[in-house]
Amino acid sequence: MAKLAINGGKKVVGDGLHKVWPSINQDDKDAVMRVLDRGVLWGPMEEEVTGLQNEFAEYIGAKHALVVNSGTAALHAAVVAAGIGPGDEVITPAYSFWATSQAIMAHNAIPVFVDIEADSMNIDPAKIEEKITDKTKALLPVHVHGLCTDMDPINKIAGKYGLKVIEDAAQAAGAKYKDKNAGVLGDLACFSLNGSKNLPAGEGGIVTSNDDELMDRARKMAMFGEKAIPKGQIRLYDAEMMGFNYRNNEMGDALCRSMLKRYDTLQTGRRELCEYLNTELGKIKGLRTPDVPTDFVHSWHLYKVRLYPEQLGITDVHVKRFRWAVQKALQEEGCELFEWHNMPVPSQKLFLNKEAYGKGCPWSCHLADPKWKDYQYNPFNYPVCVDMFDRSFCIKPIYPPNDIKLMELYVEAFNKVFDNLDEVIEFSKTIEFPTMPGENRDI
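All residue numbers for the sequence shown refer to the numbering used here, where the first residue is 72 and numbers rise by one.
So, in structure tokens, the structure goes:
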């Protein structure tokens, strides 16, 4: 057997083979330069922002789209549009980027966390109803990694209790659920155009909806609380509600419009790489690749694998230590891997210490349920989520122009490491890795 790189062997994936994302072409550069040549860099009714709004709405089949300056801003605007305010509760998964819950808290509402499904890693619809109270105003599922949440039961629950549904589709541009696009599966949806996303603008976000009234509120919230006036009309400077400056810039919008033109081609490239990994890595005992139900289309923003050493008869090392040892061994073999978080959102210090606005807000707000004032968050209330973190890591270069040849090297590296697990187990005794705040397990 080949010696592992952690023990001085030659690494499988050589230097200089990885390509960066996003892959910028001449059309992208020309689009940005046209903005600079035009000299109009911003404005709520300018050419690039209105063009992107119209084109993205058409792409996903939504009536309305609003471009803002981040995915977080999109979430905040959607929360406000849905009428969520101080003391209200919004149900959301324990696994997400914490901007999801911070957008709820930004309007002094309280995120109520629900554990995830083991298969999809999305919110478990079967665990939602037990969290609903008379303070609940909305459900905010996350299409994590680019796989849509099972939306039929969520919309059924929302209809039963009169709740709004806000999709966090930050990672899911192009994803589908039963022939419908992410972004039209609830009352409102939010996308991210961050430079790491499949459809990037550098920074930016989009709110989508088929509801005129909800979108009107979202537009005002993102424009200092005032209506955006058509070009050529007199601006009134009259704020009708609390709002912020969430406008994006024309250069980023121009870049995004350019990439949207070839988005399906870019997505095909991602899908081919990920399907190859699913086929080849799926042959390795003790490793689980992402699940994709037959009536779903995955956007493949992230590719997360999970390790099951117990399937290999390995029980004398904690699964989290084993997973970190495998991850570090693969990184030494030249694989670019990352965690995408190490703990459930409610186990972060923001929640453990209740450090939001000071003086205990929003948990101590007189409009909130009194139970929140002394509520103690505990990550082990979300055991499926904790188990997922123990076992998982992400493979990074799943985007074009990286190709199948690079993925073949990754598969070779995985097989090499799994063929030498005795070395990995010895290596596991020497490593350090992140743990959750207050972690008291013997790992």
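From the three backbone atoms N, C-alpha and C, an ideal C-beta is built for every residue, glycine too.
Beta-carbon proximity of residue i to residue j, cut-off 7 Å
{"i": "residue 515", "j": "residue 174", "result": "This structure gives no information on residue 515, because the portion of the chain shown stretches from 72 to 514."}
{"i": "residue 505", "j": "residue 456", "result": "no"}
{"i": "residue 323", "j": "residue 275", "result": "yes"}
{"i": "residue 345", "j": "residue 379", "result": "no"}
{"i": "residue 158", "j": "residue 436", "result": "yes"}
{"i": "residue 203", "j": "residue 232", "result": "yes"}
{"i": "residue 237", "j": "residue 209", "result": "yes"}
{"i": "residue 400", "j": "residue 495", "result": "yes"}
{"i": "residue 477", "j": "residue 88", "result": "yes"}
{"i": "residue 420", "j": "residue 281", "result": "no"}
{"i": "residue 128", "j": "residue 285", "result": "no"}
{"i": "residue 147", "j": "residue 189", "result": "no"}
{"i": "residue 194", "j": "residue 220", "result": "yes"}
Where residue i falls, given that 16 or more other Cβ within 10 Å makes a residue buried
{"i": "residue 350", "result": "exposed"}
{"i": "residue 100", "result": "exposed"}
{"i": "residue 449", "result": "exposed"}
{"i": "residue 73", "result": "exposed"}
{"i": "residue 283", "result": "exposed"}
{"i": "residue 475", "result": "exposed"}
{"i": "residue 468", "result": "buried"}
{"i": "residue 393", "result": "buried"}
{"i": "residue 106", "result": "buried"}
Those residues which DSSP pairs with residue i across a bridge
{"i": "residue 160", "result": "181, 207"}
{"i": "residue 273", "result": "265"}
{"i": "residue 466", "result": "374, 408"}
{"i": "residue 260", "result": "238, 279"}
{"i": "residue 187", "result": "194"}
{"i": "residue 320", "result": "113"}
{"i": "residue 294", "result": "316"}
{"i": "residue 136", "result": "279"}
{"i": "residue 359", "result": "377"}
{"i": "residue 213", "result": "239"}
Span of the alpha helix (DSSP H), counted from its first residue to its last, around residue i
{"i": "residue 239", "result": "From DSSP, residue 239 is part of no alpha helix (DSSP H) but of the beta strand (DSSP E) over 235-239."}
{"i": "residue 93", "result": "First-last for residue 93: undefined, no H or E at that position."}
{"i": "residue 311", "result": "Run containing residue 311: none; DSSP gives neither H nor E here."}
{"i": "residue 352", "result": "334-352"}
Helix, strand or coil at residue i [DSSP, three-state]
{"i": "residue 452", "result": "helix"}
{"i": "residue 248", "result": "strand"}
{"i": "residue 88", "result": "coil"}
{"i": "residue 367", "result": "strand"}
{"i": "residue 510", "result": "coil"}
{"i": "residue 77", "result": "helix"}
{"i": "residue 165", "result": "coil"}
{"i": "residue 145", "result": "helix"}
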